[in-house]
Each structure stands twice: as C-alpha cells, then as structure tokens.
Amino acid sequence: MTDILSELQARGLVALSTDEDALRKALTEETVRFYVGFDPTAPSLHMGNLVQILTAKRLQDAGHQPFALVGGATGLIGDPRMSGERTLNERDVVDGWVESIRGQIERFLDFEGPNAAQMVNNLDWTGGLSALDFLRDVGKHFSVNRMLAKETVATRLNSEHGISFTEFSYQILQGNDFLELHRRHGITMQTGGSDQWGNLTSGTDLIRRVEQRTVHAMATPLITKADGTKFGKTESGTVWLDPSLTSPYAFSQFWLNADDRDVVKYLRVFSFRSLEEIEDIRVRFEEAPHTRLAQKALAEEVTTLVHGEEQTKQAFAAADALFRGGELRDIDPQTLAAATAELPRGEVGAAALAEGLPVADALALAGIVKSKSEGRRAAREGGASVNNARVDGEDAVLTQADVLDAGETGVVVLRRGKKTLGALTVTRD
C-alpha cells in the first residue's frame with residue numbers, strides 16, 4: 121500500500137477527516153472498502169461530482185475497493201440545500217436518472233480484479249423499510265439537538281424557507297446507508313464533499329452507537345475560483361458530464377478558460393499526472409503564461425477522461441479552426457454546432473443563398489458589423505473572412521457551397537479582422 125492519504129493532502133483533496141492517524145494507518149496497512157454516494161436529483165453528474173469520482177479512482181489505484189452508491193432512495197428526497205426545499209421528482213424519473221448516472225460512474229472505475237469496484241443502490245435496503253422500523257431501529261440513535269446543529273439545517277431553520285421534516289430526515293437516511301454498507305460489505309470509510317460533513321459523521325456516529333465500531337470519514341474541499349464565481353458554472357449554466365447537456369467542445373473550453381490563478385490547483389485536483397510533472401508544468405507556465413500551457417494540459421486530460429480521445433481531438437480541432445484559422449470542414453457536425461453555439465449569430469433560409477447573399481449583408485445579419493455599409497468596407501479592405509477564407513472584394517456573395525453541416529442546420533462562420541467572430545445559421549427550407 122502507498123501513503124495515499126499524504127498524496128491526497130498534497131493535492132489539496134483533504135478538507136476534513138475523522139482521526140487522521142487511524143485513517144492513515146488503515147489506508148497504509150490494509151485494503152479499505154469505502155463508499156461515495158451520488159443522489160440522482162438531475163439527469164447527469166456535474167463538475168463537483170467529478171471531484172468525488174476521481175478521488176475514488178485515486179483510492180482504487182492505491183489498492184482500496186470503491187463502492188459507488190447511486191441513491192435511488194435518497195434521490196427521491198434530496199440533500200437539503202442552503203437555498204430552500206428541493207422539488208420532489210417522480211419515482212420513474214429518479215429511476216431513469218439512477219441508470220444514467222450509474223453509466224457515467226462506471227466509465228471511471230475498474231470493475232475487475234482483487235479490488236474491483238461495485239455499484240450499490242440504497243433503495244435496495246430502504247425501499248422496504250417501514251416507518252415504524254425506521255423510527256425504532258434507526259431514528260432512536262439520533263439526537264435531535266445534534267441534528268439541529270448541522271450547518272445546513274441550522275441555516276434553513278433561521279431562513280424564511282424553513283425546512284421540511286422530509287429534508288430534515290435526510291441525514292438519518294445517509295447515516296443508515298453507511299450502517300447497512302458496513303454490515304453487508306464490510307465498508308469502513310465514506311468519502312464526500314466538505315458540505316456533506318454532517319451527513320458523513322451521521323454514519324460514523326451511528327455505527328459507533330449500534331455496532332460499537334470505529335469507522336472513517338474523509339471530505340474533500342469545495343473547489344473555489346479566484347474570481348469569486350462558483351466553480352463548475354459558466355454563463356450558459358452548469359457544466360455537466362453528459363455530452364447531450366454540455367458538449368465535449370464546451371466542456372474543453374471550460375478548462376481552457378481557467379483563470380491563471382486557478383489552473384495549477386485544478387491540475388492537482390483533476391489530473392492524474394504526478395505532482396512532480398505538475399510542478400514542472402507550473403514552472404514553465406509561469407515563465408510564459410501567454411502560452412496557456414497549463415490550461416491546455418488540463419483541458420486535454422480531463423476532456424479525454426470524461427469524453428474520450430476522439431471527442432477531445434474534435435473539440436481541440438474545432439477550437440483551432442475557429443480561433444486560429446484551421447479547416448472548418450474537417451469538424452464533425454455536432455462539434456461544429458457546439459463550437460459556434462455561443463457566437464453572435466443571425467439566421468437565413470437556404471433559399472436566400474440561391475442567388476447569392478452579399479457577404480456585407482451576412483456580416484450585418486450576424487451582428488459583427490453595425491451596418492451593411494460597414495460590412496462592405498470590411499470586405500473591400502480585406503478584413504472579412506468566410507469560413508476562414510478571406511473575402512475578395514465588397515461584391516463577394518455567400519452561396520450554398522459555403523454552408524457547413526452543423527447537424528439540424530447549416531452554418532457559415534464569419535470573421536471581421538482576426539478576433540471578431542460570428543455565425544450565420546442556415547435553416548433547411
């Protein structure tokens with residue numbers, strides 16, 4: 121066994137833990153069976169969940185056995201949030217999300233070998249539990265005073281929203297999950313985010329009371345951004361792991377746009393490069409930050425981990441074509457659609473291109489010039505491009521031959537100067 125706890129600490133991945141000496145001893149002297157839970161309160165996992173998945177992978181690579189719990193039961197309730205009550209989803213919706221999320225997790229862990237990962241669902245032991253049995257056998261071990269002291273509960277009690285008994289009971293359900301997994305599979309450690317610390321220790325306390333045994337909990341810190349905005353969010357919303365919700369192109373751009381102040385920290389958390397390799401990247405990056413070496417290394421590795429090598433190649437090729445004049449026709453339609461989705465854009469029907477649409481009009485339609493006359497001037501002076509090819513004169517026109525396949529629609533990429541990009545969506549008439 122390696123000293124994986126020190127490795128995690130060096131990467132900034134340990135915010136809280138139960139007895140550190142006991143935890144280190146367990147992780148260096150035996151194969152620890154541990155679990156990490158994911159509630160299906162959405163159809164996909166997101167960037168915060170990725171921290172937990174990759175931490176589980178690191179522990180597995182160090183010789184320990186992960187159990188990934190997708191909460192078919194707790195997902196019907198949802199972990200209390202600071203902002204207010206969650207909307208309760210229908211059972212068939214949650215069941216579908218369970219399967220989707222299981223599929224996402226399974227790509228990261230090894231399900232073969234002596235420390236093979238296992239998937240578990242807390243609906244298996246919670247679904248048939250009666251209210252009386254739950255109150256008598258589990259609830260009696262929880263002190264209401266201690267439950268009220270949990271940060272989220274205390275915050276919600278003092279807010280205008282309050283907290284329902286349903287969400288108040290969530291920590292009991294999660295504590296019972298640890299107890300059941302300890303009994304069924306010999307699990308002795310739970311991991312999670314630091315915002316889950318109260319729920320993690322609910323399980324360690326319950327096992328101590330019921331089984332008179334000491335088990336472990338370890339929490340990773342919440343990832344923060346230097347500019348104060350929330351990690352894992354962009355102007356378009358949450359960054360999801362599901363490619364239908366966040367395209368591989370948009371996913372890679374999230375990492376490529378990482379703040380210089382954050383990127384090395386992100387490498388320690390999300391990259392499987394050694395700390396020595398990351399230090400080398402840091403030194404070279406700080407010597408020449410304009411190269412964005414660290415961002416490129418981070419984006420390539422994490423996008424490959426989540427979406428695979430081919431999708432990563434396509435995403436990088438699309439960025440190269442858009443921002444550095446590469447060949448747009450080599451980009452697959454889905455990636456091209458994603459890459460141009462955030463550009464200023466206009467729309468035109470395919471029939472409008474039959475007789476040719478003046479490039480000056482297209483530039484104005486796309487919103488990258490204020491008027492057609494300004495567009496004509498840009499074309500006349502050699503400052504306009506169509507699909508990265510410079511326009512030859514103000515009389516240039518767009519035709520159907522200029523339309524690139526972007527899936528459900530066509531698209532023409534327009535440029536003024538080197539940096540002002542826009543797109544014209546061409547609908548199928």
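Going by the numbering used here, the sequence shown opens with residue 121, and the numbers climb by one from there.
By construction, the Cβ of each residue, glycine as well, lies at the ideal position given by its N, Cα and C atoms.
Keep in mind it's a predicted model, so treat the numbers as computed, not measured.
- Residue pairing for methionine 309: DSSP places it in a beta bridge opposite Phe154 and His336.
- In terms of Cβ geometry, valine 479 and glycine 495 form a close pair [threshold 8 Å].
- Per DSSP, the unbroken beta strand (DSSP E) holding phenylalanine 187 starts and ends at 185-190.
- Listed in chain order, the non-local C-beta contacts of leucine 376 below 6 Å within the same chain comprise Gln415 and Ala419, local neighbours out to five positions each way being set aside.
- Bounds of any alpha helix (DSSP H) do not take in serine 505; it lies within the beta strand (DSSP E) bounded by 504-506.
- Among the bridge pairs identified by DSSP, methionine 239 is matched with Ala188.
- For glutamate 467, the uninterrupted beta strand (DSSP E) run begins and ends at 465-469, by DSSP.
- Glycine 502 and aspartate 512 have their C-alpha atoms roughly 7 Å apart.
- Residue pairing by DSSP places threonine 344 opposite Lys350 in a beta bridge.
- For the pair valine 533 and alanine 521, the CB atoms are not nearer than the 8 Å cut-off.
- At a Cβ-Cβ threshold of 8 Å, histidine 261 and arginine 329 count as neighbours.
- A direct Cα-Cα distance of roughly 38 Å separates glutamate 397 from arginine 535.
- Taking C-alpha positions only, glycine 527 is separated from leucine 473 by approximately 18 Å.
- As DSSP reads the structure, threonine 547 sits in a beta bridge with Gly469.
- A direct Cα-to-Cα measurement between lysine 350 and glycine 487 gives close to 30 Å.
- By DSSP's assignment, arginine 201 forms a beta bridge with Gly204.
- Alanine 176: member of the alpha helix (DSSP H) spanning 167-181, first to last residue.
- Note that the C-beta distance between tryptophan 217 and glycine 183 is not below 8 Å.
- For leucine 277, the number of other beta carbons within 10 angstroms of its own is below 16, and it is reported as exposed.
- With contacts defined by Cβ atoms closer than 8 Å, leucine 189 and aspartate 123 do not form a contacting pair.
- With respect to the 8 Å criterion, threonine 308 and threonine 175 are not classified as neighbours on the basis of their beta carbons.
- Cβ atoms of serine 322 and isoleucine 292 come within 8 Å of each other, at about 7 Å.
- Inter-segment contact for the segment 354-374 and the segment 142-156 is absent: fewer than three beta-carbon pairs are separated by less than 8 Å.
- Runs of the alpha helix (DSSP H) lying entirely within the segment 430-462, each at least 4 residues long, are 453-460 in chain order.
- For the 8 Å CB-CB criterion, leucine 128 and tryptophan 317 do not form a contact.
- Taking C-beta separations shorter than 8 Å and ignoring five residues to either side along the sequence, the partners of valine 384 in its chain run Ile398, Ile401, Arg402, Phe405 and Ala414, following chain order.
- Around the beta carbon of serine 203, fewer than 16 other beta carbons sit within 10 angstroms, so the residue counts as exposed.
- Segment contact: the segment 365-374 against the segment 422-430, three or more CB-CB distances shorter than 8 Å; contact assigned.
- Distance from the CA atom of alanine 471 to the CA atom of threonine 519, rounded to whole angstroms, is 10 Å.
- Look at serine 137 here: in three-state DSSP terms it is strand.
- In the DSSP secondary-structure assignment, glycine 357 is bridged to Thr354.
- When only Cα atoms are considered, leucine 252 and threonine 286 end up about 15 Å apart.
- The beta carbon of aspartate 380 sits closer than 7 Å to the beta carbons of Pro409 from its chain, once the five residues preceding and following it are set aside; these are given in chain order.
- Proline 478 has Val517 as its beta-bridge partners, per DSSP.
- The beta-carbon separation of leucine 301 and phenylalanine 228, rounded to 20 Å, does not stay under the 8 Å limit for a contact.
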